[in-house]
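Trainee:
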Amino acid sequence: MATILETQFAAVDFESAGVRPGGTDVPVQAGVVLLIAGEVLPSSGFRTYIASEEQVTWRARKVHGIGDEDLKGAPTMSALWPQFRESLGNRWVVAHGAATERRFLRAFPFHGFGPWVDTLKLARAIAPDLPSHTLGDLIHHFGLYEDLANSVEGFRWHDAYCDALASLVLLRHFISDLALWEQPPELLLRADDAPYHRGKSGPRSR
Numbered sequence: 162m163a164t165i166l167e168t169q170f171a172a173v174d175f176e177s178a179g180v181r182p183g184g185t186d187v188p189v190q191a192g193v194v195l196l197i198a199g200e201v202l203p204s205s206g207f208r209t210y211i212a213s214e215e216q217v218t219w220r221a222r223k224v225h226g227i228g229d230e231d232l233k234g235a236p237t238m239s240a241l242w243p244q245f246r247e248s249l250g251n252r253w254v255v256a257h258g259a260a261t262e263r264r265f266l267r268a269f270p271f272h273g274f275g276p277w278v279d280t281l282k283l284a285r286a287i288a289p290d291l292p293s294h295t296l297g298d299l300i301h302h303f304g305l306y307e308d309l310a311n312s313v314e315g316f317r318w319h320d321a322y323c324d325a326l327a328s329l330v331l332l333r334h335f336i337s338d339l340a341l342w343e344q345p346p347e348l349l350l351r352a353d354d355a356p357y358h359r360g361k362s363g364p365r366s367r
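This note's numbering puts the first residue of the sequence shown at 162, with every later residue one more than the last.
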C-alpha cells in the first residue's frame, strides 16, 4: 500500500469572472502546482488565463486584479484539457475549499480526477479553534508566509498559481507536523480520524 510520501499530489486553483445578474460564474485563470516525494515543486504545473464569454465583474476584478483585457487571446477551457490531464491525471488533487475547483473541472465530463484532498476541511479538523480558516490566515498563523513568498517571484494572493502553491505548502506542513508521511494517503480524506487530534490546539504555529 502506498504511503503519503509515495503519493503524488497536484493542487489546483481557479479565479473566476464573478456572477452578473442572469449570468453564470466561469473561470478566467487556473493554476496547478505539484507535490512529489514530499517536496513542493514551484516550477511544476502551470498558470494560464482562460478565455471567457462572460465579462469580469467589478467585484471579482477588485479581488484578483484580472480584467477582460488580460483574457484576450487566452485559450478556452476545452483547449486546456491536455494540460489538465497531464498535471492532474493519476495524482491526488488538492484544493482549499474544493467546491469551486470541482465545479469548474466539470467542463471535462468523466475526467476522473481525484481523490480530492480539501485543505480547508483538514484545517478545520486540525485547528478547529482558530478564528479564521481562510488560506491566507492559515499560512500566516503557521508561519509559512516568508518561505512561500520566497519560493515564487511576485507572489500574491488571489493569483490561481500562487493560491494553489499555498494550499500545497499548507498540506505539507500538516503532514510533516503530524508525522503522517508513512501513513496511507486515505487518511487525508478522513479529517475526523484520531491522528488529527493528538492535541486540542492542532499543529504548532511558529
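All C-beta atoms in this analysis are idealised placements derived from N, C-alpha and C, irrespective of residue type, glycine included.
1. Which of helix, strand or coil does DSSP assign to ARG351?
2. Could you pull out every unbroken alpha helix (DSSP H) segment of at least 4 residues lying fully inside the stretch 172 to 218, listed in chain order?
3. For a minimum of 3 consecutive residues, which ranges assigned as the beta strand (DSSP E) are wholly contained in the stretch 228 to 269?
4. For TRP318 and VAL224, I'd like the C-alpha separation in whole angstroms.
5. Look at the Cβ atom of LEU326, then the Cβ atom of LEU309, and state whether they are nearer than 9 Å.
6. Using 10 angstroms around the beta-carbon of TRP253, count the other beta-carbons present and answer buried if the total reaches 16, otherwise exposed.
7. Please name the residue or residues paired with PHE170 in a DSSP beta bridge.
8. Count the CB pairs spanning the stretch 163 to 170 and the stretch 233 to 253 that are closer than 8 Å, and state whether there are at least three.
9. Mind checking if ARG285 is an interface residue toward chain D, Cβ cutoff 9 Å exclusive?
10. What are the uninterrupted segments assigned as beta strand (DSSP E) that are 3 or more residues long and contained completely in the stretch 275 to 327, given in chain order?
Mentor: With the given structure in hand:
1. coil
2. none
3. 253 to 256
4. 9 Å
5. yes
6. buried
7. LEU196 and TRP253
8. yes
9. Absence of chain D from the displayed structure is noted, only one protein chain being present.
10. 277 to 279
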